[in-house]
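Structure, as structure tokens:
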Amino acid sequence: MCKHVLNVQASIRAPCCKLWFDCAECHADSSDHPLRKTTEMVFGCKKCKKVFRKDMENFEEEDEYCPGCDNKFIVEAKTPQMGLGVEGHDARMGPRFEKDLRTKEDTEKTLFDYDADISDRLG
Ligand SMILES: [Zn+2]
Ligand SMILES: [Zn+2]
Ligand SMILES: [Zn+2]
Numbered sequence: 001m002c003k004h005v006l007n008v009q010a011s012i013r014a015p016c017c018k019l020w021f022d023c024a025e026c027h028a029d030s031s032d033h034p035l036r037k038t039t040e041m042v043f044g045c046k047k048c049k050k051v052f053r054k055d056m057e058n059f060e061e062e063d064e065y066c067p068g069c070d071n072k073f074i075v076e077a078k079t080p081q082m083g084l085g086v087e088g089h090d091a092r093m094g095p096r097f098e099k100d101l102r103t104k105e106d107t108e109k110t111l112f113d114y115d116a117d118i119s120d121r122l123g
């Protein structure tokens with residue numbers, strides 16, 4: 001299941017690796033290469049399982065419907081509601097990030113003092 005687009009109606013076949021994905025992000029998640037752009041996309045309808053090609057350069061309104069079952073497969077993507085989750089995440093990350101910085105500074109200071117000590121002893 002695609003976790004990026006909740007209402008995905010048709011899978012796409014990546015022209016680069018010939019694998020099926022629900023959306024471009026799914027491809028990005030499981031691939032080590034960027035999704036190759038193509039003017040002719042291969043779709044697989046999730047309703048009737050029909051596989052069909054669409055010329056993206058001459059894409060018209062009627063092309064938004066599956067030729068097999070007439071299901072509209074080009075739909076406005078419903079994405080997971082991230083609002084609250086992101087805010088909570090940020091709030092938790094903030095203080096931790098500051099602490100991390102302080103720890104780093106302490107470490108650097110210690111190292112610097114240590115170096116200075118050696119120089120003093122050498123000099
Ligand atoms: Zn690929
Ligand atoms: Zn996805
Ligand atoms: Zn269909």
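Residue numbers (full-length UniProt numbering): 1 to 123.
Every residue, glycine too, gets a C-beta built ideally from N, C-alpha and C.
{"Query": "Taking only the alpha-carbon atoms, compute the straight-line gap between residue 20 and residue 61 and give it to the nearest angstrom.", "Result": "24 Å"}
{"Query": "Is the beta carbon of residue 52 sitting closer than 8 Å to the one on residue 59?", "Result": "no"}
{"Query": "By how many angstroms is the C-alpha of residue 80 removed from the C-alpha of residue 11?", "Result": "18 Å"}
{"Query": "Starting from the Cα of residue 55, find the closest Cα among 39, 65 and 70 and give me that residue.", "Result": "39"}
{"Query": "Where does residue 14 land, buried or exposed, given buried means 16+ other C-beta within 10 angstroms?", "Result": "buried"}
{"Query": "Beta carbon of residue 29, beta carbon of residue 8: below 8 Å?", "Result": "no"}
{"Query": "Nearest chain D C-beta to residue 67 closer than 8 Å, yes or no?", "Result": "Annotation note: the requested chain D is absent from the structure, which comprises a single protein chain."}
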